[in-house]
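Structure first, commentary second.
Protein chains in written order, with our numbering: chain Z, 2 to 234; chain F, 805 to 1047.
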C-alpha cells in the first residue's frame, strides 16, 4: 500500500490534479497567513517580554508557555462557540471560512512564537544590555536590533510555528467545516479520506505534506548552518 | 537641559560625592568622594573585587545610583550627558554582525551615516581589511580594538575603559595605548581600570586607588608610584596580597 501511495502522490503532482492543487494552495495560504500574522504579533511581544521588567511579567510568560500546549480541538470548540451565529462574534460571519481557520491557527501559534522568542531574546539581552544602555539606545531601536541579531535563531521559532500550522487539523476542521472548494485543506482531507477508507489517497496526501515540511526545514536549517559558521547565532 | 553647544567640553569636572552602592547585602562602593578634572587620564587601580568596574559603570549610568551623587560640570547625570560618554567593556560586547555593521549601528543610533567616517576609524585600529568579517570571529585583541573604534566613533567627551588591554598581545596593547594618549591630547577625559602597573605609569596623570569598595587614594600618578600614602597601596604596588 505504501508503494501505491507513493505512486498516487506522484500522480497527483505530475498530472497537476486540479482539486489537489486547490487543497494544497489553500493549506499553504491559510498556514502562511496565520504564521505571518502570528509573527507580526508574537515576535515584538516576545522581545518585549524578554527585555522589559514589569510587574506580572513572569506570570505572562508562564501563561504563554502553558498555552504552547493548547489542545487544538478545545481551541476549535471555544472559537466555534464565539463565532457561531449565536455567539458574541457571530455577526462577523466568519464561521466555516478560511478566516476562521486562520484565527484558530493564530491562537495556537502565537504562544509558541511569543515563548520561544522570549527565550532567545533573553539570552541575547544578557549579552547586549550593558552596551545598549551605555549607548542610550531607545527601546524601539533595541527591539529591532534584538530581532535582527537573533534572526537566524528566530528562523527556528518560525519553523516551529509553521509546523504547528501546517499540521493542524482539530481546530480547523471545527471552525472551517472541511467544505469542498472552500475550507478543505491537506490535513482535513487526510482525515476525511481516512474515514472514507480511501487510505492510499490519504497516505499520498500525507507524503506530500511531509515533503513540504521537509523542504522548508531544509532551507531554514541550511540558512542557520551558514549563520552559525559566521557566529551570527 | 544639557546645552548641546557646550557639551563637547562640559562634562568635567566630574564630582562624585558620597557615592555608595549596595548589591544585595554587599557593599560594593563605600562613600566614594572624588573629583576628576578636565582632559586628564585617570587610572583606577585596586585588587580584584575592589569596586573599580562598578565605579566605571556608575559613572556611565549603567548602575542606577542617586543622580545627585555624580555631577558632570554641576549637572546631574541624564541621557544627554550619557550620550557624551562611551565605555569599552573588559569583555568586548559585539553585535552578531560584521565589523562594519558593528560600527554602523552606533552611527545609525546617532542618525548619522557616513561610511567614510567608519572606514577612517577602522583604519585607525588597523581593522579596515576585516570590515566584512563577522565581528565575533575576530581575535581577542582585534575585538577589543573594534570596541575601542566603536566607542570613539561617537566622539565622546568622556571615555571609560574597563581593563582595555587585559590579555592582549603587545601589538594590540601598544596600539590601544597610542590611541588613548592621542585621544587625550585631543581633549578627551579618560578613566581606565587596569592591573598593569606599567600601563598606569605610561598613561595615567592621576590615580584612584580602591580597596574593598573604598577610595583610599586620589593622587597624581607620579606621587602614587613614588610614595603611596596608604599601606594598602604600598602592598598593592609591591604585589602583596591585600587583606
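All C-beta atoms in this analysis are idealised placements derived from N, C-alpha and C, irrespective of residue type, glycine included.
Check, Outcome
"Give me the chain Z residues within the contact set of residue 887 (chain F), using Cβ-Cβ distance strictly less than 9 Å, ordered along the chain.", "136 and 137"
"Do we get a CB-CB distance below 7 Å when we pair residue 85 (chain Z) with the residues of chain F?", "no"
"Compare the C-beta of residue 132 (chain Z) with all C-beta atoms of chain F and state if any pair is closer than 7 Å.", "yes"
"Name the two residues that bound the continuous alpha helix (DSSP H) containing residue 1011 (chain F).", "From DSSP, residue 1011 (chain F) is part of no alpha helix (DSSP H) but of the beta strand (DSSP E) over 1010 to 1015."
"For the candidate residues Z:88, Z:112 and Z:82, whose alpha-carbon lies nearest to that of residue 159 (chain Z)?", "Z:112"
"So is residue 41 (chain Z) buried or exposed if we call it buried at 16+ other beta carbons inside 10 Å?", "exposed"
"Looking only at its chain, what residues have a beta carbon closer than 7 Å to the beta carbon of residue 151 (chain Z), apart from the 5 residues adjacent to it on each side?", "121, 122 and 125"
"With distances taken Cα to Cα, identify the nearest neighbour of residue 220 (chain Z) among Z:88, Z:153 and Z:11.", "Z:153"
"Please report how far the alpha carbon of residue 16 (chain Z) lies from the alpha carbon of residue 29 (chain Z), in whole angstroms.", "20 Å"
"Exposed or buried, residue 900 (chain F), counting other C-beta atoms within 10 Å across all chains shown (16 or more means buried)?", "buried"
"Report yes or no: is there a C-beta of chain Z within less than 7 Å of the C-beta of residue 812 (chain F)?", "For residue 812 (chain F), the pLDDT reaches just 47, beneath the cut-off of 50, and the residue's location in the model is therefore unreliable, although a value from the coordinates is still provided. No - not a single Cβ of chain Z is within 7 Å of the one on residue 812 (chain F)."
"For residue 879 (chain F), name the three-state secondary structure that DSSP assigns.", "strand"
"State yes or no: is the beta carbon of residue 147 (chain Z) nearer than 7 Å to at least one beta carbon in chain F?", "no"
"Taking 8 Å as the limit between beta carbons, can you name the residues of its chain near residue 902 (chain F), skipping five residues before and five after?", "935, 936, 937, 938 and 939"
"When the distance is taken between beta carbons, is residue 107 (chain Z) closer than 7 Å to residue 39 (chain Z)?", "yes"
"Name, please, each residue of chain Z whose Cβ falls closer than 9 Å to the Cβ of residue 893 (chain F).", "131, 132 and 135"
"Following the continuous alpha helix (DSSP H) through residue 75 (chain Z), name the residue where it begins and the one where it ends.", "73 to 84"
"Report the rounded CA-to-CA distance for residue 144 (chain Z) versus residue 137 (chain Z), giving the unit in angstroms.", "13 Å"
"Could you name the residues of chain Z that residue 897 (chain F) contacts, counting a contact when the two beta carbons are closer than 7 Å?", "128, 129, 131 and 132"
"Could you give the residue range of the alpha helix (DSSP H) that holds residue 903 (chain F)?", "903 to 913"
"For residue 890 (chain F) versus residue 1011 (chain F), is the C-beta distance shorter than 7 Å?", "no"
"Residues bridged to residue 938 (chain F) by DSSP?", "F:902"
"Let me see if you follow: with CB-CB separation under 7 Å, is residue 883 (chain F) close to chain Z or not?", "yes"
"For residue 995 (chain F), which of F:954, F:916 and F:892 has the nearest alpha-carbon?", "F:892"
"Verify whether the separation of the beta carbon atoms of residue 950 (chain F) and residue 977 (chain F) is less than 7 Å.", "no"
"Whose C-alpha, out of Z:49, Z:173 and Z:164, is nearest the C-alpha of residue 1 (chain Z)?", "Because chain Z here runs from 2 to 234, residue 1 (chain Z) falls outside it and cannot be looked at."
"Are any of the Cβ atoms in chain F nearer than 7 Å to that of residue 231 (chain Z)?", "yes"
"Does any heavy atom of the ligand ATP sit closer than 6 Å to the C-beta of residue 171 (chain Z)?", "Ligands in the displayed structure: none, and consequently the ligand ATP is not present."
"Please classify residue 808 (chain F) as buried or exposed, where buried requires at least 16 neighbouring CB atoms within 10 angstroms.", "Unreliable placement is indicated for residue 808 (chain F), whose pLDDT of 42 sits below 50; the coordinate value is still reported in the next sentence. It is exposed - the Cβ of residue 808 (chain F) has fewer than 16 other Cβ atoms within 10 Å."
"Quick one: what does DSSP say residue 232 (chain Z) is sitting in, helix, strand or coil?", "coil"
"Distance, Cα to Cα, residue 927 (chain F) vs residue 970 (chain F)?", "22 Å"
"Measure the alpha-carbon distance for residue 217 (chain Z) versus residue 81 (chain Z) and round it to whole angstroms.", "31 Å"
"Check whether the stretch 174 to 184 of chain Z and the stretch 96 to 105 of chain Z are in contact - that is, three or more C-beta pairs closer than 8 Å.", "yes"
"To the nearest angstrom, report how far apart residue 877 (chain F) and residue 849 (chain F) are at their CA atoms.", "24 Å"
"What does residue 1023 (chain F) pair with, by DSSP beta-bridge criteria?", "F:1011"
"Closest by CA to residue 75 (chain Z), which one among Z:190, Z:156, Z:128 and Z:109?", "Z:109"
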